């Protein structure tokens, strides 16, 4: 469950179709696609999935030698940073144009990175171009894969070759048996200071300059018999303000840390309260289905504001409605106030995250709820639930065997989730619910 998502970088000279391929693999139109070379000047990342395998996909600006052009020097630096942290690379060339000096430069850069790569000959949208990709053997001894990202041709062959070279990392729990906890939040909310206060070690650099921490630092220690591993992550900046490549990539590292954690601590700044970027980061945690704790840090600075904790807790929970029953803690990393409750709450949420409900007890709870409030009729058809079972933990996942599962409305699914939470808690833990057709 908590294996780190591998990172795949798409690299090549300008206008070979990197962004089109990115959009095809990411399943949505995220990057700007244009016939103007160099449209993508910054890196964009998105978690993607192909045939059940998930990975972080990174689009990069085009590699091109423009001496004296500071902008293009920045693009090259960002691409080099993406290559440094990638697990595998898709090197894209243009089958319609053939080999150019930019292709040779891009190939040299990928080779020097030492990362495994595949060669995608894009725009091979007819037989002549497919046959002509053999010329790209001049660049590399790797078989070029003819594709057309625009027409979705050759993509399965490319991905098959990619997964042959993409390493599969064992899950972190298998390696360590540890509860993994990510610290996520905007720059300068006090993540490093809280991290140091929790662990009692000065292993993270603490600075008032936003964005000082640019990589993840792991620190393991025992808490009342529980082995905890805290991942201190770089801050996520507001969109449009992560100007330098190394800081843009910190976003990817933070998402990666959330993905490989069991519990995510979302850190808020008491002096700024809840911002749009805070809820944006919360969305990452929600999408990853991780246990969550919200920590309002710098609470020592709020004494003169005379704010009531209950009011603040209610306001925070209102802004994060997609986190039902989320624990909200108040800390001061500077003074240490409230910090002891953080690992204590981590263990409590971990227990909820791994809670398993007996089949008979679960069935009784669900069918009592269904009896009191049956699924609404859709036209002349009434959906019906026949059976429920918990299929996994971390996160708790429940499968409902139904008649017409597609007609069970979101609001009714939320009703069932609320009944499960009332009966069993799951404080700080997401609940996954799957509605499937009944067998037979």
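Residue numbers (this note's numbering): 751 to 1190.
We put the CB at the ideal spot given by N, CA and C, even for glycine.
Being a predicted model, the structure only gives us computed values, none of them experimental.
Ends of the beta strand (DSSP E) at residue i?
i	result
residue 860	No beta strand (DSSP E) holds residue 860; the alpha helix (DSSP H) holding it covers 851-863.
residue 1041	1041-1047
residue 933	929-934
residue 1014	1013-1019
residue 838	838-844
residue 807	803-809
residue 1184	1182-1187
residue 1150	1147-1153
Consult DSSP for residue i and reduce its assignment to one of helix, strand or coil.
i	result
residue 900	coil
residue 948	helix
residue 981	strand
residue 769	helix
residue 1066	helix
residue 1078	strand
residue 874	coil
residue 1084	coil
residue 763	coil
residue 1035	helix
residue 1131	strand
Alpha carbon to alpha carbon, how far is residue j from residue i? Give it in angstroms, no decimals.
i	j	result
residue 1129	residue 1187	19 Å
residue 1086	residue 1020	15 Å
residue 1144	residue 970	20 Å
residue 990	residue 1111	Residue placement at residue 990 is flagged as unreliable, the pLDDT there being 47, under the threshold of 50; the coordinate-derived value follows with that caveat. Straight-line Cα distance between these residues: approximately 50 Å.
residue 1024	residue 895	48 Å
residue 854	residue 802	34 Å
residue 928	residue 975	11 Å
Answer yes or no: does any C-beta atom of chain B fall closer than 9 Å to that of residue i?
i	result
residue 1046	Among the chains of the structure shown, chain B does not appear; only one protein chain is present.
When the distance is taken between beta carbons, is residue j closer than 9 Å to residue i?
i	j	result
residue 873	residue 762	no
residue 934	residue 1070	no
residue 1152	residue 1117	no
residue 1175	residue 1105	yes
residue 1103	residue 1178	yes
On the DSSP letters alone, give me the boundaries of the alpha helix (DSSP H) that residue i sits inside.
i	result
residue 1117	1109-1122
residue 1099	1091-1103
residue 906	905-915
residue 1171	1160-1174
residue 888	Segment: none, residue 888 is in no alpha helix (DSSP H) and carries neither H nor E.
residue 1072	Neither: residue 1072 is in no alpha helix (DSSP H) and is coded neither H nor E.
Among the candidates the options, whose CA atom is the shortest distance from the CA of residue i?
i	options	result
residue 931	973, 1062 and 853	973
residue 863	832, 1181 and 850	832
residue 882	847, 975, 892 and 908	847
residue 1155	1142, 1146, 758 and 1131	1131
residue 1049	1057, 1043 and 1042	1057
residue 809	1122, 773, 1093 and 1074	773
residue 977	1146, 1096 and 1159	1096
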